[in-house]
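In the order they appear, the protein sequences are chains C and F. Position 94 of the first sequence, counted from 1, bears residue number 94 in full-length UniProt numbering, the numbering being contiguous throughout. Position 6 of the second sequence, counted from 1, bears residue number 6 in full-length UniProt numbering, the numbering being contiguous throughout. Notes to accompany the following structure.
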Amino acid sequence: MIYPAADLPLSVALAVAFFLLVGAALALIGAIGFLRLPTFYERLHAPALGTSWGIGGIMLASMIYFTVSSSRLVIHEILIGIFVTVTTPITFMLLARAALHRDRTARRDGVPRKYVGPEERPNPEDVSDAS
Amino acid sequence: MLPYPILTISLTLMWMLLNGFTLGHLILGALVAVFASWAMASLRPDKPKLNKWYLLPKLFFIVLYDVALSNIAVAWLIVRGRAKGRKAGFLTIPLEIKDRTALALLAIILTSTPGSVWLEYDSYDGSILMHVLDLEEEEQWVATIKNRYEKLLMEIFA
């Protein structure tokens with residue numbers, strides 16, 4: 001049975017509120033950064049706030065709350081954390097490589113070039129001479 | 001009979017986490033997990049060679065700590081704006097690890113760390129291209145990744 005939130009001990013309520021607020025704040029800041037950062041590659045960094053400790057905080061809060069209020073161990077939230085962590089790199093990499101591909105095709109400045117195969121690569125000795 | 005024991009165990013554990021820790025669910029979950037890992041076996045993925053698996057928790061806590069620090073740094077950067085003279089930039093890092101699982105793990109670590117994104121891996125010269133939000137010291141980033149993560153990963157996946 002689940003107790004109503006008002007019956008929770010103060011210390012537990014404080015811990016739950018702390019983690020919930022930290023997680024929510026990080027997710028919000030991530031969203032703001034996603035909106036405000038100037039370039040695409042910089043914007044890629046912002047959602048990582050929400051997918052790392054943003055979700056971590058909310059997950060911990062949920063685990064503490066339901067473990068205490070139903071007086072049994074509730075930790076299946078950890079699965080959400082694991083799957084979010086394991087799957088976000090796929091999306092990020094896909095988006096980033098699509099952007100790289102576009103920028104390289106358009107020969108935009110400031111984007112590192114890609115050498116396809118050994119014959120296209122600059123001779124290491126030439127590079128060291130130039131630098 | 002069990003081509004991927006870790007996978008089977010994880011799937012059973014996941015089943016029980018979702019459905020409850022009872023004997024019935026243990027049997028049902030194990031059954032599902034065994035069939036699922038047979039299905040996985042027909043895809044023939046590389047079998048990760050775990051050498052010093054007991055170092056995994058150490059890596060986990062290091063990453064947890066680093067991610068928390070960079071969360072604060074990136075949140076601060078978004079709220080207060082960038083400090084003068086700092087800029088974002090690309091970074092190429094030569095890697096020594098070749099093991100696929102280790103590379104995947106490193107990709108997960110780097111993307112979960114706000115402030116660094118793994119862009120692409122070059123299998124020809126074994127280097128990664130990444131983008132960092134605060135390119136303070138290039139050498140420092142390279143040193144962090146090579147000394148902090150790569151060394152540990154190379155010990156874990158020999």
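Here a beta-carbon is modelled for each residue, glycine too, at the ideal position from N, C-alpha and C. If you're wondering where the values come from, they're calculated on a predicted model, not measured in any experiment.
Asked: Environment of PRO9/C [buried if 16+ CB atoms lie within 10 Å]; Found: exposed
Asked: Continuous alpha helix (DSSP H) stretch holding ASP66/F: start and end; Found: 56-80
Asked: Chain C residues whose Cβ lies nearer than 9 Å to that of GLY29/F; Found: Correct list: empty, because the minimum Cβ distance to chain C is about 13 Å.
Asked: Spatially closest choice to ALA46/C from ILE97/F, VAL132/F, GLU136/F, by CA coordinates; Found: VAL132/F
Asked: Selection from ARG108/C, LEU28/C, ILE78/C that minimises the alpha carbon distance to THR39/C; Found: ARG108/C
Asked: For PRO94/F, three-class secondary structure by DSSP; Found: strand
Asked: Close-in-space but distant-in-sequence residues of the same chain around GLY50/C (CB under 8 Å, 5 per side omitted); Found: LEU26, ALA27, GLY30, ALA31
Asked: Three-way DSSP call (helix, strand, coil) for GLU136/F in this model; Found: coil
Asked: Burial state of ALA17/C, where buried means 16 or more other Cβ atoms lie within 10 Å; Found: exposed
Asked: ILE82/C, buried or exposed, once every other Cβ within 10 Å from all chains shown has been counted against 16; Found: exposed
Asked: SER42/F versus TYR4/F - alpha carbon distance; Found: 11 Å
Asked: Under the three-state DSSP convention, the category SER11/C falls into; Found: helix
Asked: N-terminal and C-terminal residue of the beta strand (DSSP E) that GLU120/F is part of; Found: 116-122
Asked: Exposure of ASN71/F, with buried meaning 16 or more beta-carbon neighbours within 10 Å; Found: buried
Asked: Minimum C-alpha distance to LEU110/F - residue among ARG86/F, ALA75/F, LYS98/F, TRP141/F; Found: TRP141/F
Asked: Proximity test, Cβ basis, 8 Å: LEU133/F and chain C; Found: yes
Asked: Coil, strand or helix - ILE128/F by DSSP; Found: strand
Asked: Residues that DSSP places opposite LEU50/F in a beta bridge; Found: PHE157/F
Asked: Residue-chain proximity (residue 132/C, chain F), Cβ-Cβ < 8 Å; Found: Nothing in the structure corresponds to residue 132/C, since chain C is present only between 1 and 131.
Asked: Where LEU119/F falls, given that 16 or more other Cβ within 10 Å makes a residue buried; Found: buried
Asked: Coarse secondary structure for GLY54/C, derived from DSSP in three states; Found: helix
Asked: Terminal residues of the alpha helix (DSSP H) in which ALA99/C lies; Found: 77-105
Asked: Near-chain C residues of the stretch 67-88 of chain F - C-beta to any C-beta below 7 Å; Found: VAL67, ALA68, ASN71, VAL74, ALA75, ILE78, VAL79, ALA88
Asked: Contact test: LEU43/F Cβ vs the ligand FAD heavy atom, cutoff 7 Å; Found: The ligand FAD is absent from the structure shown, which contains no ligands of any kind.
Asked: Chain F within 8 Å of TYR65/C, Cβ atoms only; Found: no
Asked: Interface flag, residue 202/C vs chain F, CB-CB below 8 Å; Found: Only positions 1 to 131 of chain C appear in the structure, and residue 202/C is not among them; the question remains open.
Asked: Beta-bridge pairing of GLY24/F - partner residues as DSSP gives them; Found: None, per the DSSP bridge assignment.
Asked: Alpha helix (DSSP H) segment containing ARG100/F, residue limits; Found: 100-112
Asked: Interface residues of chain F facing THR51/C [CB-CB closer than 9 Å]; Found: THR111, SER112, PRO114
Asked: Three-state secondary structure assigned by DSSP to GLY30/C; Found: helix
Asked: Where the stretch 80-110 of chain C meets chain F: residues whose CB sits under 7 Å from a CB there; Found: THR85, VAL86, THR88, PRO89, PHE92, MET93, ALA96, ARG97, LEU100
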